[in-house]
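As given, the protein sequences belong to chains R and H, one line each in that order.
Numbered per the numbering used here, the first sequence spans residues 707 to 944.
Numbered per the numbering used here, the second sequence spans residues 128 to 421.
We treat Cβ as the ideally placed atom computed from N, Cα and C, and that holds for glycine.
See below for the structure under consideration.
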Amino acid sequence: MLLCIENINVYYGNIQALHDVSLTVAKGEIVSLIGANGAGKSTILKAVSGILTPRSGRILLADKDLVGVSPHRIVRMGVSLVPEGRGIFANMTVRDNLEMGAFTRNSREEIEKSVAEVFSLFPQLRERASQSAGTLSGGEQQMLAIGRAMVAKPDVVLLDEPSMGLSPLLVRDIFLLIREINRAGTTILLVEQNAFMALSVAHRAYVLETGAIALTGIASELRQNAKVRAAYLGDVAE
Amino acid sequence: MDYFVQQVINGLQLGFVYALIALGYTMVYGIVRLINFAHGDVFMVGAFIGLYTIERFQWPLAAVFVSAVVGCTVLAVLIEQLAYRPLRHAPKIASLITAIGVSLFLEYFTSLRQVFGPHFYSFPRPFPVVSWNWHGILVTNIQAVIFLVTTLCVLLLQFIVFRTKMGRAMRAVSFDYVTAGLMGVNVNMVISFTFGLGAALAGVGGVLYGIAYPQVNTFMGFMPGLKAFTAAVLGGIGNIPGAVLGALIMGQSETMVSAYLSSTYRDGIAFVILILVLLWKPTGILGTSRTEKV
Numbered sequence: 707m708l709l710c711i712e713n714i715n716v717y718y719g720n721i722q723a724l725h726d727v728s729l730t731v732a733k734g735e736i737v738s739l740i741g742a743n744g745a746g747k748s749t750i751l752k753a754v755s756g757i758l759t760p761r762s763g764r765i766l767l768a769d770k771d772l773v774g775v776s777p778h779r780i781v782r783m784g785v786s787l788v789p790e791g792r793g794i795f796a797n798m799t800v801r802d803n804l805e806m807g808a809f810t811r812n813s814r815e816e817i818e819k820s821v822a823e824v825f826s827l828f829p830q831l832r833e834r835a836s837q838s839a840g841t842l843s844g845g846e847q848q849m850l851a852i853g854r855a856m857v858a859k860p861d862v863v864l865l866d867e868p869s870m871g872l873s874p875l876l877v878r879d880i881f882l883l884i885r886e887i888n889r890a891g892t893t894i895l896l897v898e899q900n901a902f903m904a905l906s907v908a909h910r911a912y913v914l915e916t917g918a919i920a921l922t923g924i925a926s927e928l929r930q931n932a933k934v935r936a937a938y939l940g941d942v943a944e
Numbered sequence: 128m129d130y131f132v133q134q135v136i137n138g139l140q141l142g143f144v145y146a147l148i149a150l151g152y153t154m155v156y157g158i159v160r161l162i163n164f165a166h167g168d169v170f171m172v173g174a175f176i177g178l179y180t181i182e183r184f185q186w187p188l189a190a191v192f193v194s195a196v197v198g199c200t201v202l203a204v205l206i207e208q209l210a211y212r213p214l215r216h217a218p219k220i221a222s223l224i225t226a227i228g229v230s231l232f233l234e235y236f237t238s239l240r241q242v243f244g245p246h247f248y249s250f251p252r253p254f255p256v257v258s259w260n261w262h263g264i265l266v267t268n269i270q271a272v273i274f275l276v277t278t279l280c281v282l283l284l285q286f287i288v289f290r291t292k293m294g295r296a297m298r299a300v301s302f303d304y305v306t307a308g309l310m311g312v313n314v315n316m317v318i319s320f321t322f323g324l325g326a327a328l329a330g331v332g333g334v335l336y337g338i339a340y341p342q343v344n345t346f347m348g349f350m351p352g353l354k355a356f357t358a359a360v361l362g363g364i365g366n367i368p369g370a371v372l373g374a375l376i377m378g379q380s381e382t383m384v385s386a387y388l389s390s391t392y393r394d395g396i397a398f399v400i401l402i403l404v405l406l407w408k409p410t411g412i413l414g415t416s417r418t419e420k421v
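Structure representation (structure tokens):
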């Protein structure tokens with residue numbers, strides 16, 4: 707397993723947000739985390755990326771424990787988070803945002819190559835390269851956020867609610883893109899409110915309820931699961 | 128008219144020195160949202176390093192500047208790591224009170240006989256003063272040095288902030304330090320660097336101030352510190368060009384008030400400006416209030 711979370715317990719102050727959560731992501735997989743608001747999906751990503759430190763449990767990235775490692779080191783170890791709300795540097799240009807994504811890399815030549823790849827993936831970004839990132843539309847900002855994570859050449863990308871605030875058409879684009887990035891060899895752990903999309907794109911998925919894993923399985927099978935359909939896919943009980 | 132132009136030049140001299148201090152205030156505020164009240168005292172330490180390197184060691188001017196820069200940078204990085212870093216996640220008021228404490232500590236500790244001493248000391252002139260008379264307007268080589276050195280510093284700072292990887296990291300941390308960390312930026316390191324950079328400018332400012340107003344004591348940083356802080360607020364705190372602009376306005380108003388009203392009011396004007404800005408445009412001339420985008 708590339709990423710292996712073992713029994714983590716995470717707290718916000720005295721409130722426990724995650725209870726003994728364990729999950730795995732194999733190299734090359736797309737794994738989705740679905741669940742209601744406040745179930746703890748984002749908390750898992752924050753724990754993996756080092757923003758939150760679990761009180762107990764282990765987070766192994768290819769057998770190296772990430773618990774207690776600071777976020778900037780975790781990035782260097784090959785894990786990039788695309789945060790909820792995108793975390794675009796609105797005071798900088800699109801180009802500078804991408805350069806920030808490449809912060810951990812040194813070879814100018816390779817950075818240019820990665821930036822060019824992002825631009826070919828998102829031609830709109832190339833047109834707006836020297837524009838302030840704050841002026842981009844929501845969809846473009848999301849693309850920039852994903853592109854910025856890709857420039858770091860991560861082994862694992864953690865995506866937090868990439869569809870948030872986007873029109874249905876853009877949501878489709880984003881998911882096609884996630885698949886494309888995955889095909890090119892990047893492992894993806896995806897957190898989504900939009901359970902239908904999340905289950906369509908993923909290989910496997912975990913269902914989170916009030917801070918604990920309630921259900922797990924192959925994504926296509928979960929889509930057929932009656933409980934999942936009722937709770938997350940908007941099926942009316944027959 | 129000549130008198131007025133002369134005052135403008137004197138005001139520029141003062142404004143440029145304030146600018147070097149104000150930049151440190153504004154950069155530190157921009158990155159950790161802390162008014163570092165000890166900054167004026169770092170400036171004082173720069174002036175004393177200038178005093179010793181010129182008087183005791185008789186070093187050339189460039190070496191004097193370098194030693195003030197190094198000394199102040201090390202001091203500020205130490206202050207940041209020992210006093211402010213442990214309070215990074217504490218309420219803002221804790222760091223603010225600590226800043227005042229550090230300021231008082233530096234002022235009184237250095238006034239010990241074993242450190243800089245409690246008296247006023249005359250600051251040696253590192254070069255003979257030459258003044259040029261141009262149609263009745265006097266410009267000294269001291270002023271020329273101040274204009275030149277300050278301009279170089281501001282250009283260098285602008286280059287660091289907008290053209291280097293470190294500068295990009297500074298801007299990222301200032302905007303959103305959590306996300307900056309997610310890009311692989313060592314946030315603590317960037318914060319230390321920012322304190323150091325601000326202090327380096329204050330060190331240069333301290334030496335220039337000593338050359339221009341040749342008397343130093345360990346409390347000399349208090350007033351220029353407050354005025355530079357006002358300048359930073361006036362220009363829009365957190366905004367680099369704003370700090371320079373604010374400092375130039377402060378220098379002019381102070382000089383004009385001394386020239387046309389009475390020098391008794393010269394310190395008062397700074398605080399009148401501060402109060403007016405806070406009342407009518409708390410974001411300052413070039414500052415913008417940040418709106419959160421959801």
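Assigned exposure category for residue i - 16 Cβ within 10 Å defines buried
| i | result |
| --- | --- |
| GLY774/R | exposed |
| HIS778/R | buried |
| PHE143/H | buried |
| GLN140/H | buried |
| GLU867/R | buried |
| THR180/H | buried |
| THR345/H | buried |
| THR357/H | buried |
| ILE887/R | buried |
| ARG183/H | exposed |
| ALA370/H | buried |
| ALA851/R | buried |
| PHE399/H | Inspection of the sequence shows that residue 399/H is occupied by Val rather than by Phe. Per the 10 Å Cβ criterion, exposed. |
| ALA890/R | exposed |
Simplified DSSP state of residue i, which is helix, strand or coil
| i | result |
| --- | --- |
| TRP407/H | helix |
| GLU867/R | coil |
| VAL229/H | helix |
| GLN342/H | strand |
| ASP129/H | helix |
| ALA723/R | strand |
| SER906/R | helix |
| GLY151/H | helix |
| SER836/R | coil |
| ALA165/H | coil |
| THR382/H | helix |
| VAL312/H | coil |
| LYS733/R | coil |
| ARG240/H | coil |
| GLY365/H | coil |
| SER222/H | helix |
| ARG252/H | coil |
Own chain partners of residue i with C-beta closer than 7 Å, once the 5 adjacent residues on each side are dropped
| i | result |
| --- | --- |
| VAL132/H | ILE264 |
| VAL781/R | THR810, ALA858 |
| ALA326/H | GLY151, VAL169, CYS199, THR200, LEU202, ALA203 |
| GLU419/H | Its pLDDT being 42, under 50, GLU419/H is placed unreliably in this model, and the value from its coordinates should be taken loosely. Cβ within range, chain order: n/a, list empty. |
| LYS354/H | TYR145, MET377, ALA397 |
| LEU323/H | Checking the displayed sequence, the identity of residue 323/H turns out to be Gly instead of Leu. Correct list, in chain order: THR200, ALA203, VAL204. |
| THR278/H | none |
| VAL421/H | Confidence is the limiting factor: at VAL421/H the pLDDT is only 37, short of 50, which leaves the residue's position unreliable and the question unanswerable from this model. |
| HIS246/H | ASN344 |
Contact test: residue i Cβ vs the ligand SAH heavy atom, cutoff 7 Å
| i | result |
| --- | --- |
| LEU372/H | Here there are no bound small molecules, and the ligand SAH is not part of this structure. |
Sequence-distant residues of its chain with Cβ nearer than 8 Å to residue i (five each side left out)
| i | result |
| --- | --- |
| VAL314/H | VAL300, TYR304, ALA307, GLY308 |
| LEU214/H | ALA221, SER222, THR225 |
| ASP129/H | HIS262, GLY263, ILE264 |
| LEU724/R | ILE714, ASN715, VAL716, GLY746, THR749, ILE750, ALA753, PRO760, GLY917, ALA918 |
| LEU178/H | TYR248, PHE250, PRO251, GLY337, VAL343 |
Cβ-based neighbour list, residue i, same chain, cut-off 6 Å, excluding 5 preceding and 5 following
| i | result |
| --- | --- |
| ARG832/R | PHE825 |
| LYS747/R | LEU739, GLY741, VAL897, LEU914 |
| ASN268/H | VAL257 |
| LEU758/R | VAL716, LYS752 |
Chain C contact for residue i (CB, 8 Å cutoff)
| i | result |
| --- | --- |
| MET310/H | Protein chains R and H are contained in the structure displayed, whereas chain C is not. |
contact_flag[the segment 722-733 of chain R, the segment 913-925 of chain R] where n(CB pairs < 8 Å) is 3 or more: yes
Contact between the segment 355-364 of chain H and the segment 235-252 of chain H (3+ Cβ pairs under 8 Å): no
Cβ-based contacts, 9 Å cut-off: residues of the segment 271-304 of chain H near chain R: Going along the segment 271-304 of chain H in chain order, one finds LYS292, ARG295, ALA296, ARG298, ALA299, SER301, PHE302, ASP303 with a Cβ nearer than 9 Å to chain R.
Three or more C-beta pairs below 8 Å linking the segment 795-814 of chain R and the segment 842-861 of chain R: yes
Chain-ordered residues of the segment 847-869 of chain R with a beta carbon less than 8 Å from chain H: ARG854, ALA858
Chain H contacts made by the segment 711-729 of chain R, where a contact means CB separation under 8 Å: none
Segment contact flag, the segment 932-940 of chain R with the segment 157-164 of chain H, C-beta cutoff 8 Å, min 3 pairs: no
Inter-stretch contact (C-beta, 8 Å, three-pair minimum) for the segment 182-201 of chain H and the segment 242-257 of chain H: yes
Cβ contact check for the segment 756-774 of chain R and the segment 290-298 of chain H: 3 or more pairs under 8 Å: no
Contact set between the segment 752-778 of chain R and chain H, restricted to residues whose Cβ is under 9 Å from the partner: SER755, GLY756, ILE757, SER776, PRO777, HIS778
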